[in-house]
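Working notes, beginning with the structure itself.
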Amino acid sequence: MDEDPATENIVKKVYVWTPFLYLAVLIAALVSFARWYRGKKIAAKQNQVPFFGRNVASETYHELTQHEGVNPYVLKAALIRRGAESIRRTIKLKEVTPFMTMLYQKGSIGDDLWERFQNAQQLEEEEIKTIVAETEKYKSGWVQKFVPLLQEVCFNEALRRRYAAIDDRKLKLLDAWNVEIDDKGMLKNPILTLKPTLNTAPTASKTSAK
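Take any residue in the sequence shown, count from 1 to its spot, add 1: that is its number in my numbering.
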């Protein structure tokens, strides 16, 4: 029994479109899985303990941008503080990268800490890109002077922190040794030094032979 020509055409069209339909279903499934997996990874990263503490400078800048009528100079100052903090964290990450890599390869640190470290690197890279984009909004070409300014602010703050740490250490040592100093940094109760004493023991007198 011969098949109807219309039916044959439909069957041929189905055969022709079947691979494309299969490919479309496969692509849709892969896209759905990729979105689900990406969302799962993002949720896992958000639940992880951050490698650094709170980024107060970034939070302050975002809070200022949410308000209207803020002085542009205030926003620029907040952006500089945000950038300096990002530079500080980036430098710190570069300093510890060889040690973290070596410890991870030796199995001295777990996967959780290693993932936190890698996440911190990615976050700081994105943070710097965002800061550069924000810089161009205020003034075109400002980024050429902005980055050296951030480095200078970062180094000055590092020196200030070290000086404060030295001063704090000094106070702790003075308290541990029970030493008091005045406003000029002089000792209130100077430590008595022992002076060498003369030998007062009687010496045998020499008698001349007669």
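The beta-carbon is built from N, C-alpha and C at its ideal position, and this holds for glycine as well.
TODO: Could you check what DSSP says for residue 110 in three-state terms: helix, strand or coil?
DONE: coil
- [ ] Return the CA-CA distance between residue 115 and residue 105, expressed in angstroms with no decimal places.
- [x] For the pair residue 115 and residue 105, the Cα-to-Cα distance works out to about 7 Å.
Open item on the list: From the DSSP secondary-structure annotation, give me the bridge partner or partners of residue 188.
Closed with: According to DSSP, which records beta bridges pairwise, residue 188 is partnered with 182.
Open item on the list: When you compare the CB positions of residue 87 and residue 128, do they come within less than 7 Å of one another, or not?
Closed with: yes
TODO: With residue 171 as the anchor, note down where its alpha helix (DSSP H) starts and where it stops.
DONE: 144-177
TODO: Enumerate in chain order the residues of its own chain whose CB-to-CB distance from residue 79 is below 6 Å, with the five nearest sequence positions on each side excluded.
DONE: 61, 62 and 65
Task: Residue-chain proximity (residue 32, chain B), Cβ-Cβ < 7 Å - done: No chain B appears in this structure, which consists of one protein chain only.
Open item on the list: For residue 149, tell me which candidate among 133, 164, 162 and 163 has the shortest Cα-Cα distance.
Closed with: Nearest option by C-alpha distance: 133.
Task: residue 58 vs residue 83 beta-carbon contact at 7 Å - done: yes
- [ ] Could you tell me if residue 102 is buried or exposed, where buried requires 16 or more neighbouring beta carbons within 10 angstroms of its beta carbon?
- [x] It is exposed - the Cβ of residue 102 has fewer than 16 other Cβ atoms within 10 Å.
- [ ] Helix, strand or coil for residue 140, going by three-state DSSP, please let me know.
- [x] Secondary structure of residue 140 (DSSP, three-state): coil.
Task: Collapsed DSSP secondary structure at residue 20 in the structure displayed - done: helix
Open item on the list: Helix, strand or coil for residue 116? Go by DSSP, reduced to three states.
Closed with: helix
Task: residue 73 in three-state terms, based on DSSP - done: helix
- [ ] Return helix, strand or coil for residue 99, following the three-state DSSP convention.
- [x] helix
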